[in-house]
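Engineer: Sharing a structure below in structure tokens format, with a few things to ask.
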Amino acid sequence: MTEDIRLNSSKLGTQEYWNNFYKKEQSNFQDNDEDTGECWFDDSDAESKMIQFLIDKLNDGELPVTETPHIRMLDLGTGNGHLLFQLSQDLSEEYEGDSEFQFIGIDYSPDSVEFAKDIAGKKYGDVNFEFEQVDLLQKEAPFLKNKFDILLDKGTLDAIALNQDPLQEFDGEIGMDVYARQVEQLMNKGSILLITSCNFTETELVKIITTGTNLQVWDKINYPSFQFGGVKGSTVCSIAFIKD
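Quick note on numbering: the sequence shown equals residues 1 to 244 in the UniProt record's numbering.
Shown next as structure tokens:
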């Protein structure tokens, strides 16, 4: 399927690494509640670009769910919940429509979920955030019965791709090859999946997400680019996919 697109295995592709990582981050937060942890892709300003992209599309009426009274947003691999917290805050300041939003974050690390809940309770008590431990790569995960309008991934596919262990439930396929099919189950027709990656080029990301699914490229976010050896590219890419 995507045998030509492979990353070397890394500890960043293991649940043990992320459990330990978020245990430490939560401990730091309990010592200092201003320390809410790492904001991934901060150097590329990816989080704010993802959020502004969504707000602009909502305000311009370009998203298929623009007229939906209740818009369900799902953060895939939520970590410390930072993306959802910032998205909620910016929507409250800049969103011009009448829809209400529901914010849900999932992660396979129980320590991530506990940490995100801790931050939400202590710093964002006026907004209802839901966090749940879910392993997206579990074939019959009950959570997959849910449907969402906007799905966000900021580095989660990247981490999944750093684990080359075969999945028995999927006849030995690896995580990055089943990711898109699993995520597609969480989408309605017209739902949007916005992914940011620093490990794949735009071409590679499109192949991973559209192979074997009904997902198609809908739009993308532009980043500063560089040219090396006659090839033009950027250090990060963000692509929005729509379910047909």
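For glycine and all other residues, C-beta sits at the position ideal for the given N, C-alpha and C. Note that the structure is predicted; figures quoted are calculated from it, not measured.
Please say whether S238 and A116 have beta carbons closer to each other than 8 angstroms?
Structural biologist: Residue numbering aside, residue 116 sits at position 116 when the sequence shown is read from its first letter. Residue numbering aside, residue 238 sits at position 238 when the sequence shown is read from its first letter. Not closer than 8 angstroms, so no.
Engineer: Is it the case that the Cβ atoms of M176 and I209 are separated by a distance below 8 angstroms?
Structural biologist: Along the sequence shown, one-based indexing puts residue 176 at 176. Along the sequence shown, one-based indexing puts residue 209 at 209. For M176 and I209, no; Cβs fall outside 8 angstroms.
Engineer: I need the straight-line Cα distance from L182 to P69, nearest angstrom please.
Structural biologist: The count along the sequence shown starts at 1 and reaches residue 182 at position 182. The count along the sequence shown starts at 1 and reaches residue 69 at position 69. Checking the sequence shown, residue 182 turns out to be Gln, not Leu. Approximately 26 angstroms between the Cα atoms of the pair.
Engineer: Could you tell me the distance, in whole angstroms, from the CA atom of L54 to the CA atom of D126?
Structural biologist: For the purposes of this step, residue 54 is taken as the residue at position 54 of the sequence shown. For the purposes of this step, residue 126 is taken as the residue at position 126 of the sequence shown. Answer to the nearest angstrom: the Cα atoms are 22 angstroms apart.
Engineer: Who are S238's beta bridge partners in DSSP?
Structural biologist: Locating residue 238 in the sequence shown gives position 238, counting from the first residue. Paired residues: T196, I221.
Engineer: Comparing C-alpha positions only, which one of N222, N188, E130 sits nearest to T201?
Structural biologist: Counting from 1 along the sequence shown, the entry for residue 201 is found at position 201. The shortest C-alpha separation from T201 is found at N222.
Engineer: Less than 8 angstroms separating the beta-carbons of N80 and I119?
Structural biologist: Along the sequence shown, one-based indexing puts residue 80 at 80. Along the sequence shown, one-based indexing puts residue 119 at 119. Yes, the pair counts as a contact, with Cβ atoms nearer than the cut-off.
Engineer: Going by the CB atoms, is the gap between F143 and E130 shorter than 8 angstroms?
Structural biologist: One-based indexing of the sequence shown puts residue 130 at position 130. One-based indexing of the sequence shown puts residue 143 at position 143. Their beta carbons are not under 8 angstroms apart, which means E130 does not touch F143 by this criterion.
Engineer: Given N214, which residues of its chain have a CB within under 7 angstroms of its CB, disregarding the five upstream and five downstream residues?
Structural biologist: Along the sequence shown, read from residue 1 onward, the residue named residue 214 stands at position 214. Result list for N214: E184, K243, D244, in chain order.
Engineer: When we look at the beta-carbon of S191 and count the other beta-carbons within 10 Å, is it buried (16 or more) or exposed?
Structural biologist: Position 191 of the sequence shown, counted from the first residue, corresponds to residue 191. Buried, since its Cβ has 16 or more Cβ neighbours within 10 Å.
Engineer: Apart from the five residues just before and just after K23, which ones in its own chain have a Cβ nearer than 6 angstroms to its Cβ?
Structural biologist: Residue numbering aside, residue 23 sits at position 23 when the sequence shown is read from its first letter. The answer, listed in chain order, is D111.
Engineer: What are the boundary residues of the alpha helix (DSSP H) that W118 is part of?
Structural biologist: Within the sequence shown, residue 118 is the residue found at index 118, counting from 1. The residue you asked about is not Trp; residue 118 is Asp in the sequence shown. Residues 110–123.
Engineer: Determine the burial state of S88: buried for a count of at least 16 other Cβ atoms within 10 Å of its Cβ, exposed for fewer.
Structural biologist: Your numbering for residue 88 matches position 88 in the sequence shown. Per the 10 Å Cβ criterion, buried.
Engineer: For the beta strand (DSSP E) that E204 lies in, which residues bound it at each end?
Structural biologist: Mapped onto the sequence shown, residue 204 falls at position 204. Looking at the DSSP string, E204 is not in any beta strand (DSSP E); the run it does join, the alpha helix (DSSP H), is 202–210.
Engineer: Since L54 is in the alpha helix (DSSP H), which residue starts that stretch and which ends it?
Structural biologist: For the purposes of this step, residue 54 is taken as the residue at position 54 of the sequence shown. Its alpha helix (DSSP H) spans residues 46–59.
Engineer: On the CB-based measure, 16 or more other CB atoms within 10 Å of its CB, does T235 come out buried or exposed?
Structural biologist: Here residue 235 refers to the residue found at position 235 of the sequence shown. By the 10 Å Cβ count, T235 comes out exposed.
Engineer: May I ask which residues mark the beginning and end of the beta strand (DSSP E) holding residue 248?
Structural biologist: A query on residue 248 cannot be resolved here, the shown segment of the chain reaching from 1 to 244 and no further.
Engineer: What's the call for G25, buried or exposed, on a 16-neighbour Cβ count within 10 Å?
Structural biologist: Indexing the sequence shown from 1 puts residue 25 at position 25. One point to set straight first is that residue 25 is Glu, not Gly, in the sequence displayed. Buried, since its Cβ has 16 or more Cβ neighbours within 10 Å.
Engineer: For residue 303 and D135, I'd like the C-alpha separation in whole angstroms.
Structural biologist: No statement about residue 303 is possible, as the shown extent of the chain runs from 1 to 244 and does not include it.
Engineer: Would DSSP call Q164 helix, strand or coil?
Structural biologist: Walking along the sequence shown from the start, residue 164 turns up at place 164. If DSSP states are grouped into helix, strand and coil, Q164 belongs with coil.
Engineer: Just to confirm, are V178 and L137 a CB contact at a threshold of 8 angstroms?
Structural biologist: Counting from 1 along the sequence shown, the entry for residue 178 is found at position 178. Counting from 1 along the sequence shown, the entry for residue 137 is found at position 137. Closer than 8 angstroms, so yes.
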